[in-house]
Amino acid sequence: MPNTAQRSLPDKLIVALGGNAIHPAGIKGTGEEQFEIAAEASHSLLPLLKDIPQLVITHGNGPGVGKVLMRQAIASKRVASMPLDICVANSQGGISYVLMQTMQNSLQAAGVDRAVTSIICEVEVDPDDPAFENPDKPLGYFFSEAEAEDLRAEFNWNMKEDANRGWRMVVPSPHPLNILNIDVIKNLARSGVIVITGGGGGIPVIADSGGNVSGVEAVVDKDRTAILLARELDIDQLLILTSVSHVAIHFGTDKEQNLSHVSLEELKTYLAQGHFSAGSMGPKVEAVIQFIEDGGKRAIIAHLDKAYEALLGQTGTHVQR
Numbered sequence: 018m019p020n021t022a023q024r025s026l027p028d029k030l031i032v033a034l035g036g037n038a039i040h041p042a043g044i045k046g047t048g049e050e051q052f053e054i055a056a057e058a059s060h061s062l063l064p065l066l067k068d069i070p071q072l073v074i075t076h077g078n079g080p081g082v083g084k085v086l087m088r089q090a091i092a093s094k095r096v097a098s099m100p101l102d103i104c105v106a107n108s109q110g111g112i113s114y115v116l117m118q119t120m121q122n123s124l125q126a127a128g129v130d131r132a133v134t135s136i137i138c139e140v141e142v143d144p145d146d147p148a149f150e151n152p153d154k155p156l157g158y159f160f161s162e163a164e165a166e167d168l169r170a171e172f173n174w175n176m177k178e179d180a181n182r183g184w185r186m187v188v189p190s191p192h193p194l195n196i197l198n199i200d201v202i203k204n205l206a207r208s209g210v211i212v213i214t215g216g217g218g219g220i221p222v223i224a225d226s227g228g229n230v231s232g233v234e235a236v237v238d239k240d241r242t243a244i245l246l247a248r249e250l251d252i253d254q255l256l257i258l259t260s261v262s263h264v265a266i267h268f269g270t271d272k273e274q275n276l277s278h279v280s281l282e283e284l285k286t287y288l289a290q291g292h293f294s295a296g297s298m299g300p301k302v303e304a305v306i307q308f309i310e311d312g313g314k315r316a317i318i319a320h321l322d323k324a325y326e327a328l329l330g331q332t333g334t335h336v337q338r
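First residue of the sequence shown: 18, per my numbering; consecutive thereafter.
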């Protein structure tokens with residue numbers, strides 16, 4: 018008979034893993050490091066992997082795709098560069114593979130016979146989305162202002178300061194409209210397969226009048242794609258896992274205050290007051306607001322290491338209807 022903690026877990030859940038949580042600052046990004054960090058993440062997620070019947074996991078790719086672009090820039094005189102949509106597909110596939118393998122290994126070690134799979138996901142966006150005129154999605158490394166100026170001059174990258182943490186490359190981040198692979202994802206999730214999909218927000222594509230799709234130079238925010246996944250899969254609980262324990266107001270100042278349980282209206286007020294950076298916590302908060310307004314029952318933002326505790330209500334920032 019399941020214990021109280023197991024009974025308190027939802028039957029269906031969307032988990033969104035932050036790019037900086039699975040590729041933290043300070044690592045070189047070697048294959049060995051990525052597998053070690055993913056193994057730790059899979060260990061933290063194991064109670065969810067074991068006991069939530071319908072589990073869909075998406076992940077960020079900001080640090081990863083940024084490094085793909087940097088490698089291309091460095092090798093540009095010898096190797097043909099790929100457009101950003103292919104770079105997103107590259108990072109989505111690589112990160113999903115690492116997560117899939119480490120989750121499989123964690124389940125195997127726990128004696129749980131459950132399948133994990135990865136779906137490379139295309140997401141339709143509006144070609145007229147205003148984001149294309151105002152790039153604000155940060156990718157890759159942090160640089161000093163002087164380094165950012167050099168990169169802007171050498172590679173024509175858009176560079177912006179990111180939450181007082183340094184300067185980063187920024188690209189358009191249009192809103193997702195439609196997940197092209199949703200029927201496959203839905204069938205797998207309903208059959209009990211753990212599905213990893215929508216990595217990096219999915220590969221952004223546009224459709225012409227005949228229904229043909231083509232990629233565009235952009236990166237969709239994975240939290241917004243998670244909201245769309247939840248809506249399409251009729252999932253009313255969302256867990257956003259990142260590298261901080263709580264959402265905070267007055268972040269980075271002596272007035273910094275963590276939010277534990279916050280109402281939808283309070284969160285909207287804090288967002289309007291400018292407490293959340295567009296390049297970091299802002300999209301997560303916007304996604305939570307949209308999720309609850311669309312009928313979601315509960316949304317949580319918490320540290321990746323405390324995923325299980327957050328679902329039990331012991332940590333994280335909780336927003337409920």
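Virtual Cβ for every residue (Gly too), placed ideally from N, Cα, C. Everything numeric in this text was worked out from a predicted model, so none of it was measured.
**OP:** Round the Cβ separation of L101 and E141 to the nearest angstrom and send it over; I've been treating them as touching at under 8 angstroms.
**Re:** By 1-based counting over the sequence shown, the position of residue 101 is 84. By 1-based counting over the sequence shown, the position of residue 141 is 124. 16 angstroms between Cβ atoms; not a contact.
Original post:
From this set, F159, F160, A127, N107, which residue's C-alpha is nearest E139's C-alpha?
Top reply: Within the sequence shown, the letter at position 122 stands for residue 139. Looking from the CA of E139, the closest CA among F159, F160, A127, N107 belongs to N107.
Subject >> Which of helix, strand or coil DSSP assigns to R248 >> reply: Counting from one through the sequence shown, the residue named residue 248 turns up at place 231. It is helical.
**OP:** Take S277 as the anchor and find which of S61, E162, H263, Q121 has the nearest alpha-carbon.
**Re:** Residue 277 sits at position 260 when you count from the first residue of the sequence shown. Measuring from the Cα of S277, the nearest candidate turns out to be H263.
Subject >> Alpha carbon of M176 to alpha carbon of A127, nearest angstrom >> reply: As a first step, residue 176 is located in the sequence shown; it is residue number 159 there, counting from the start. As a first step, residue 127 is located in the sequence shown; it is residue number 110 there, counting from the start. Between M176 and A127, the alpha-carbon positions lie close to 45 angstroms from each other.
Original post:
Roughly how many angstroms separate the alpha carbons of R339 and G312, rounded to a whole number?
Top reply: Given that the chain is displayed from residue 18 to residue 338, the structure contains no residue 339 and the question cannot be resolved.
**OP:** Leaving out five residues on either side along the sequence, give the residues of the same chain with a beta carbon under 6 angstroms from the beta carbon of H292.
**Re:** In the sequence shown, the residue the question calls residue 292 occupies position 275. Excluding sequence positions up to five before and after H292, its CB lies within less than 6 angstroms of the CB of I266, all in the same chain and listed in chain order.
**OP:** Would you mind sorting G77 into buried or exposed? The rule is 16 or more other CB atoms within 10 Å of its CB.
**Re:** The residue given as residue 77 occupies position 60 in the sequence shown. Buried: at least 16 other Cβ atoms inside 10 Å.
Original post:
If we cut at 8 angstroms on Cβ distances, does I199 have a partner in chain D?
Top reply: Among the chains in the structure shown there is no chain D, since it carries only a single protein chain.
**OP:** Spatial neighbours of T242 within its chain, please: CB distance less than 7 angstroms, with the 5 preceding and 5 following residues excluded, ordered by chain position.
**Re:** Taking the sequence shown and counting its residues from 1, the one referred to as residue 242 is at position 225. Answer for T242: T75, V140, P193, G215, G218, G219, listed in chain order.
Original post:
What alpha helix (DSSP H) runs, 4 residues minimum, are completely inside the region 141-225?
Top reply: As far as the region 141-225 is concerned, its whole alpha helix (DSSP H) runs of at least 4 residues are 162-172, 199-207.
**OP:** Please report how far the alpha carbon of M186 lies from the alpha carbon of I213, in whole angstroms.
**Re:** Taking the first residue of the sequence shown as position 1, residue 186 is located at position 169. Taking the first residue of the sequence shown as position 1, residue 213 is located at position 196. Near 27 angstroms, if we compare the C-alpha coordinates of I213 and M186.
Original post:
With which residues is T259 paired in a DSSP beta bridge?
Top reply: Counted from its first residue, the sequence shown places residue 259 at position 242. Looking at the DSSP assignment, T259 forms a beta bridge with H320.
Original post:
Helix, strand or coil for L34 per DSSP?
Top reply: Taking the sequence shown and counting its residues from 1, the one referred to as residue 34 is at position 17. Looking at L34 - three-state DSSP - the assignment turns out to be strand.
Subject >> E303 classed as buried or exposed, judged by whether at least 16 other C-beta atoms fall within 10 angstroms >> reply: Numbered from its first residue, the sequence shown carries residue 303 at position 286. Per the 10 Å Cβ criterion, buried.
Subject >> Contacts around F52, its chain only, beta-carbon distance under 7 angstroms, and the 5 residues preceding and following it disregarded >> reply: Taking the sequence shown and counting its residues from 1, the one referred to as residue 52 is at position 35. The residues are V115, T119.
Subject >> Exposure label - R88; buried when at least 16 CB within 10 Å >> reply: As a working note, residue 88 is residue 71 in the sequence shown. Counting Cβ neighbours within 10 Å, R88 comes out exposed, since fewer than 16 surround it.
Original post:
Skipping 5 residues on each side, what residues in its chain have a beta carbon closer than 7 angstroms to that of A327?
Top reply: Counting from one through the sequence shown, the residue named residue 327 turns up at place 310. Taken in chain order, the residues that qualify are L256, I317, A319, G333.
Subject >> DSSP three-state assignment for L26, whether helix, strand or coil >> reply: Walking along the sequence shown from the start, residue 26 turns up at place 9. If DSSP states are grouped into helix, strand and coil, L26 belongs with coil.
Original post:
Excluding five sequence neighbours on each side, which residues of the same chain lie with their C-beta closer than 6 angstroms to the C-beta of Q23?
Top reply: The residue given as residue 23 occupies position 6 in the sequence shown. Bear in mind that a pLDDT of 49 at Q23, under 50, signals an unreliable position, so the model cannot answer this.
Subject >> Cβ-Cβ distance between I137 and G157 below 8 angstroms >> reply: As a working mapping, residue 137 is identified with position 120 in the sequence shown. As a working mapping, residue 157 is identified with position 140 in the sequence shown. Between I137 and G157, the CB-CB gap reaches or exceeds 8 angstroms.
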